[in-house]
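Presented below is the structure to which this report refers.
Residue numbers (the UniProt record's numbering): 1 to 172.
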């Protein structure tokens, strides 16, 4: 008696199914890793109240510890897009000493210029936030290497100025 489905065809279907399942699992893990990198970068920026030298050093230590892809020759400004996406303008603020490709964007205040700190007279916005673009690096044998951007925008952060420090040190 003949089989309804040939064994070679059945083996091809099983192999195709395994390739698709493992591809989806690896894509999910890669996306999770890139999103986790974004969240950790944003947490570090919030912890140090900006993308300063202390934040950059902690971000670098973290990226090294998780094995995030390194670039030869460091980051160039041309590696990062000028704005994170078409609807969101931000000022590019990258760590040019880094060997890891991630882009940090500073957003002053997304509610407009009407919100300034009138108590002490400075023109700095009351709130600011950062957004981060990290990449999923994929290297396929036939297609080659390419990167997929993952964008995350952080929460609003209050802009502490020198006039407000007494309120947070317990003097009031």
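Just so it is clear, CB atoms sit at the ideal spot from N, CA and C, and this is done for glycine as well.
field: Supposed contact pair residue 129 and residue 155 - C-beta distance, whole angstroms, cut 8 Å
entry: Locating residue 155 in the chain shown gives position 155, where the first residue counts as 1. Locating residue 129 in the chain shown gives position 129, where the first residue counts as 1. In this structure residue 155 is in contact with residue 129, their Cβ atoms being roughly 6 Å apart against a cut-off of 8 Å.
query: With 16 other CB atoms within 10 Å as the buried threshold, where does residue 32 fall?
result: Numbered from its first residue, the chain shown carries residue 32 at position 32. That one is exposed.
N-terminal and C-terminal residue of the alpha helix (DSSP H) that residue 62 is part of: Within the chain shown, residue 62 is the residue found at index 62, counting from 1. Note, residue 62: alpha helix (DSSP H), 53-66.
task: Just the C-alpha distance for residue 71 and residue 64, rounded to the nearest angstrom, thanks.
output: Start at 1 with the first residue of the chain shown, and residue 71 comes out as number 71. Start at 1 with the first residue of the chain shown, and residue 64 comes out as number 64. For the pair residue 71 and residue 64, the Cα-to-Cα distance works out to about 12 Å.
query: Does the distance from the CB of residue 101 to the CB of residue 135 come in under 8 Å?
result: Residue 101 sits at position 101 when you count from the first residue of the chain shown. Residue 135 sits at position 135 when you count from the first residue of the chain shown. Going by C-beta atoms, residue 101 is nearer than 8 Å to residue 135.
- prompt: Does the ligand ZN have even one heavy atom less than 7 Å from the beta-carbon of residue 56?
  reply: Ligands displayed in this structure: none; no statement on the ligand ZN is therefore possible.
query: What is the rounded straight-line gap between the Cα of residue 21 and the Cα of residue 53?
result: As a first step, residue 21 is located in the chain shown; it is residue number 21 there, counting from the start. As a first step, residue 53 is located in the chain shown; it is residue number 53 there, counting from the start. When rounded, the distance between both Cα atoms is 42 Å.
task: Tell me whether the beta-carbon of residue 133 lies closer than 8 Å to the beta-carbon of residue 80.
output: Residue numbering aside, residue 133 sits at position 133 when the chain shown is read from its first letter. Residue numbering aside, residue 80 sits at position 80 when the chain shown is read from its first letter. Yes, they are a contact pair.
Residue 68 classed as buried or exposed, judged by whether at least 16 other C-beta atoms fall within 10 angstroms: The residue you call residue 68 lines up with position 68 of the chain shown. Flag for residue 68 reads buried.
Enclosing alpha helix (DSSP H) for residue 94 [first to last residue]: Counted from its first residue, the chain shown places residue 94 at position 94. Counting along the chain, residue 94 falls outside any alpha helix (DSSP H), and DSSP gives it neither H nor E.
field: Selected residue, minimal CA-CA separation from residue 94, among 18, 28, 16, 41
entry: One-based indexing of the chain shown puts residue 94 at position 94. For the residues 18, 28, 16, 41, the minimum Cα distance to residue 94 belongs to 41.
Cβ separation of residue 66 and residue 55, assumed to be a contact under 8 Å, to the nearest whole Å: Taking the first residue of the chain shown as 1, we reach residue 66 at position 66. Taking the first residue of the chain shown as 1, we reach residue 55 at position 55. For a cut-off of 8 Å, the C-beta gap from residue 66 to residue 55 is around 17 Å, too long to register as a contact.
field: Assumed close pair residue 131, residue 147 - CB separation to whole angstroms, cut-off 8 Å
entry: Position 131 of the chain shown, counting from 1, holds the residue named residue 131. Position 147 of the chain shown, counting from 1, holds the residue named residue 147. The C-beta distance from residue 131 to residue 147 rounds to 17 Å, too long to meet the 8 Å contact threshold.
- prompt: Does the beta-carbon of residue 168 have 16 or more other beta-carbons within 10 angstroms, so that it is buried, or is it exposed?
  reply: Along the chain shown, read from residue 1 onward, the residue named residue 168 stands at position 168. Bear in mind that a pLDDT of 29 at residue 168, under 50, signals an unreliable position, so the number given afterwards is only what the model happens to contain. Residue 168 is exposed by the Cβ-count criterion.
message: Checking the sheet assignment: what are the DSSP bridge partners for residue 20?
response: Looking up residue 20 in the chain shown gives position 20. Answer by DSSP bridge pairing: none, since residue 20 is not bridged.
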